[in-house]
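Read through the structure below, which is laid out as structure tokens, and then see the notes.
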Ligand SMILES: Cc1ncc(C[n+]2csc(CCOP(=O)(O)OP(=O)(O)O)c2C)c(N)n1
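Protein chains in written order, with my numbering: chain A, 2 to 156; chain B, 10 to 564.
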């Protein structure tokens, strides 16, 4: 399954139709989004998307090519298989009594309140996955998880 | 401001329909006599007319429609143009920017509804965006791989006043044009083609769009490579050329399919290699060692067939770059050409005349005889389309127009009218089945109003012929909902619109009817009552490989 996933860093125009166009192209070609994160890029008027896309039965490189056809897309970098830094973020609220194990795993406390303690944890996809599994054992009050943010390692 | 921008882009015709959300445009239209507006009878007709105009002239077709139902009526026409890479700019009215998103009267998300059938689209909510957007729209529609661009303009913007600015130089950073040819790739492609024992070239619409027919013929001759075309590529290579394989695909000629299935090098130029070309993909061209794919759109590489050599470039430039590298040919070439000639003999195009009914092929043979490689022929969709394609006998490109990618019934009449607006000097024939014809027949008004000299060849088989044939051949012979009863009397219908028409039921009457059509100035319809059992052959059964084509029974 993971062989089907492309990791793409996509620089796009900050236009009203950009996300619709990208998700439309992905849907129409039979691809499937497994992870997405969006944030402003360094250039004003531009955003950077990190996409994890399952390319289904199409050739792997079709994802990049189909995205490049969109006028709103300025640049697509395929990071699949590259040495990258990849981070996902999870924010969770748990009861204070359950905190210990999570802190041992590297979670940080953001806030404490009567109905629970809110912690954050970031790491690679697998680490975050394992952290979420751990959370499940400790009675989660609430949890939210981000898509990936990926950057190529510099040699 | 919009109309001025259109004048600046050199627009001659606008095909459109007014309504609440584009009234400001229509208010000012009379002040621009250089922009000739054709009032259609349905917005789909406007889109197809613009499409026919664009294919016949090489210039972008321009469409106006109002918001909501008006714009949504364009969708089929936009899709037709998108699938066949036809340059078009559709300008739709949108509700005022202040009420967008509030489900205002006749509001619809036109950008959302058309995103997947346009090359690009814009929603214009501020007047200062307009000059740039219109200029970009024309640029994007006409360059690279052409296609339709939609500009949705809020009504308040159409009315707004602003300083007249001529758009600065274009800056569309996300719009990439594939320019230069990879010369090393071109050399490799040429060597593969020359060195092949059994080469075949297939040419698509891209060859016609890039005006690459001379390069194609030179390349085919230099490499002694048998050359066929797709349905949309018809005309890119002279049908009577000794190297011609005529049309490929699941309704292609037998000798073409034999050649493709036995080739060792297959070069595909300006085409998408879709399922109508490959039939069962796993069994497509199984002996090919080297696929060469030339297309201006890089995403076509490996979309359906993985090429060993890919050239992402304009077809004309790519083939021109290949030509000097065609060296010595493989000594097996003579045997290959002899083999092709034998297949041509063994699998000719043929049809049966035994039952005494009027055969569509006889009609088309007479039509093409009169057309003498000069007339534009616009075909609809269905059996009529394939007959018109297979009995095509021209030596020139750009004169066969049809909806190949989308297969839109109802395309032919409005597209033929658009083609006639574009090329008033050239005879235009419209070939249609009666099913598709009635889908847009209301555009006969436009033909009569403008006295457009378009001759309509109605191949009337009293049924949805192509579907009937599929049911007979591939769906257990169950004829379900394909009989077209209660159709109008087409001669009376034409007369009701104010144009002459005649009916033909016998072979002997074909020529006199065509004579009458040719004598008449202005539109003319001939209702050919053809054999309702006539079929399209060859045909590859659904899910089978190209090898397994069925042929017409020998007469
Ligand atoms: C808008 C649309 N609806 C349905 C079809 C499916 N379809 C393809 S060919 C065909 C039959 C066409 O019948 P007719 O126009 O009479 O032409 P013939 O095949 O008889 O020449 C149909 C229904 C289509 N291509 N387009």
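Don't be surprised by glycine CBs; every beta carbon is placed ideally from N, CA and C. In this text, all values refer to a predicted model and were calculated from it rather than measured experimentally.
Beta-carbon proximity check, residue i vs residue j, cutoff 9 Å
{"i": "residue 257 of chain B", "j": "residue 244 of chain B", "result": "no"}
{"i": "residue 158 of chain B", "j": "residue 97 of chain B", "result": "yes"}
{"i": "residue 261 of chain B", "j": "residue 214 of chain B", "result": "no"}
{"i": "residue 576 of chain B", "j": "residue 69 of chain A", "result": "Lying outside 10 to 564, the shown extent of chain B, residue 576 of chain B is not represented and no answer is given."}
{"i": "residue 511 of chain B", "j": "residue 89 of chain B", "result": "no"}
{"i": "residue 67 of chain A", "j": "residue 7 of chain A", "result": "no"}
{"i": "residue 318 of chain B", "j": "residue 300 of chain B", "result": "yes"}
{"i": "residue 53 of chain B", "j": "residue 189 of chain B", "result": "no"}
{"i": "residue 369 of chain B", "j": "residue 540 of chain B", "result": "yes"}
{"i": "residue 39 of chain A", "j": "residue 51 of chain A", "result": "yes"}
{"i": "residue 398 of chain B", "j": "residue 474 of chain B", "result": "no"}
{"i": "residue 15 of chain A", "j": "residue 46 of chain A", "result": "yes"}
{"i": "residue 388 of chain B", "j": "residue 421 of chain B", "result": "yes"}
{"i": "residue 153 of chain B", "j": "residue 129 of chain B", "result": "no"}
{"i": "residue 406 of chain B", "j": "residue 217 of chain B", "result": "yes"}
{"i": "residue 116 of chain B", "j": "residue 264 of chain B", "result": "no"}
{"i": "residue 164 of chain B", "j": "residue 105 of chain B", "result": "yes"}
{"i": "residue 521 of chain B", "j": "residue 503 of chain B", "result": "no"}
{"i": "residue 349 of chain B", "j": "residue 323 of chain B", "result": "no"}
{"i": "residue 200 of chain B", "j": "residue 328 of chain B", "result": "no"}
{"i": "residue 246 of chain B", "j": "residue 253 of chain B", "result": "yes"}
{"i": "residue 239 of chain B", "j": "residue 286 of chain B", "result": "yes"}
{"i": "residue 311 of chain B", "j": "residue 60 of chain A", "result": "yes"}
{"i": "residue 270 of chain B", "j": "residue 556 of chain B", "result": "yes"}
Residue i: contacting residues in chain B (beta-carbon distance under 9 Å)
{"i": "residue 71 of chain A", "result": "129, 183"}
{"i": "residue 75 of chain A", "result": "182, 183"}
{"i": "residue 21 of chain A", "result": "120, 121, 124"}
{"i": "residue 25 of chain A", "result": "121, 124, 125"}
Partner residues on chain B for residue i, Cβ-Cβ distance less than 8 Å
{"i": "residue 17 of chain A", "result": "132"}
{"i": "residue 43 of chain A", "result": "Per Cβ cutoff of 8 Å: no residues; residue 43 of chain A is ~15 Å from chain B at best."}
Closest Cα partner of residue i within the set the options
{"i": "residue 4 of chain B", "options": "B:65, B:57, B:545", "result": "Outside the shown range of chain B, which is 10 to 564, sits residue 4 of chain B, and nothing can be said about it."}
{"i": "residue 139 of chain A", "options": "A:154, A:150, A:103", "result": "A:103"}
{"i": "residue 411 of chain B", "options": "B:69, B:54, B:61", "result": "B:61"}
{"i": "residue 469 of chain B", "options": "B:372, B:490, B:80, B:455", "result": "B:372"}
{"i": "residue 73 of chain A", "options": "A:112, A:122, A:25", "result": "A:25"}
{"i": "residue 167 of chain B", "options": "B:549, B:12, B:17, B:141", "result": "B:12"}
{"i": "residue 359 of chain B", "options": "B:548, B:41, B:82, B:119", "result": "B:548"}
{"i": "residue 519 of chain B", "options": "B:338, B:467, B:544", "result": "B:467"}
{"i": "residue 508 of chain B", "options": "B:458, B:483, B:350", "result": "B:458"}
{"i": "residue 362 of chain B", "options": "B:102, B:563, B:40", "result": "B:563"}
{"i": "residue 478 of chain B", "options": "B:239, B:225, B:393", "result": "B:393"}
{"i": "residue 103 of chain B", "options": "B:212, B:130, B:75", "result": "B:75"}
{"i": "residue 443 of chain B", "options": "B:537, B:43, B:254, B:307", "result": "B:537"}
{"i": "residue 40 of chain B", "options": "B:561, B:15, B:224", "result": "B:15"}
{"i": "residue 449 of chain B", "options": "B:432, B:423, B:440", "result": "B:423"}
{"i": "residue 171 of chain B", "options": "B:270, B:195, B:138", "result": "B:138"}
{"i": "residue 148 of chain B", "options": "B:85, B:24, B:19", "result": "B:19"}
{"i": "residue 176 of chain B", "options": "B:195, B:268, B:10", "result": "B:10"}
Contact list for residue i against chain A, beta-carbon separation under 9 Å
{"i": "residue 315 of chain B", "result": "60"}
{"i": "residue 149 of chain B", "result": "72"}
{"i": "residue 311 of chain B", "result": "59, 60, 62, 63, 66"}
Cross-chain neighbours of residue i in chain A, by beta carbon under 7 Å
{"i": "residue 4 of chain B", "result": "Any question about residue 4 of chain B goes unanswered here, given that chain B covers just 10 to 564."}
Buried/exposed call for residue i, threshold 16 Cβ in 10 Å
{"i": "residue 425 of chain B", "result": "buried"}
{"i": "residue 193 of chain B", "result": "exposed"}
{"i": "residue 87 of chain A", "result": "buried"}
{"i": "residue 124 of chain B", "result": "buried"}
{"i": "residue 63 of chain B", "result": "buried"}
{"i": "residue 65 of chain A", "result": "buried"}
{"i": "residue 321 of chain B", "result": "buried"}
{"i": "residue 339 of chain B", "result": "buried"}
{"i": "residue 383 of chain B", "result": "exposed"}
{"i": "residue 517 of chain B", "result": "exposed"}
{"i": "residue 19 of chain A", "result": "buried"}
{"i": "residue 224 of chain B", "result": "buried"}
{"i": "residue 161 of chain B", "result": "buried"}
{"i": "residue 498 of chain B", "result": "exposed"}
Within chain A, the residues that residue i reaches when beta carbons sit closer than 8 Å
{"i": "residue 308 of chain B", "result": "63, 66, 67, 69, 70"}
Closer than 7 Å at the beta carbon, the chain B residues around residue i
{"i": "residue 180 of chain A", "result": "Any property of residue 180 of chain A remains undetermined from this structure, which presents chain A solely from 2 to 156."}
Task: Within 9 Å of chain A by C-beta, residues of the segment 267-293 of chain B in sequence order - done: Cβ contacts with chain A come from no residue of the segment 267-293 of chain B.
TODO: Could you name the residues of the segment 79-95 of chain A whose beta carbon sits closer than 8 Å to any beta carbon of chain B, in the order they occur along the chain?
DONE: Answer set for the segment 79-95 of chain A: empty.
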